[in-house]
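Numbering (the working numbering), first residue to last: 1 to 102. Beta carbons are placed, not taken as given, at the ideal position from N, Cα and C, and that holds for glycine. These numbers come from a predicted model, not from an experiment. Taking it in order: structure first as structure tokens, then the write-up.
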Amino acid sequence: MVETLRKLSFKLDCQLDSIGCQAEILSDVKTLLYHLKEDMDKAVHIGEERAYYHEHHRMVRVLAELMHFTVKELNKDYEDAHCISGKLYAKITGKEGDQDNE
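The following block contains the structure:
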């Protein structure tokens, strides 16, 4: 049982590290989106929206793709961490039932 708990806690730690990295990426995306908004507001203010359209469009495309894949990976890692947490709980409380699969 101790070895199983050790393996499960290691897996959970790995998943939480991955979730932390993805949260950091999302924070960076938030910062970049804020900067993009400022740049777009500035372009509108000086009447040069058309001059910056392609640059802003490229940034939006890149950020949208980054958000898509990061959120997809984050959701998967969260589900994995939740599953591991359930297995740990079952092992510790003795309610193993069908959660014994590693």
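Using a C-beta cut-off of 8 Å, the stretch 18-30 makes contact with the stretch 69-78, since at least three inter-stretch Cβ pairs fall below that distance. By the CB criterion at 8 Å, Q15 and I92 fall outside the cutoff. Secondary structure of I92 (DSSP, three-state): helix.
Here Y52 is near D39, since their CB atoms are less than 8 Å apart.
In the pairwise beta carbon analysis, the stretch 60-72 is classified as not touching the stretch 4-18: fewer than three pairs are separated by under 8 Å. Non-local C-beta neighbours of I46 in its own chain, meaning closer than 8 Å and more than five positions away in sequence, are absent. Between L36 and M67, the C-beta spacing is not below 8 Å.
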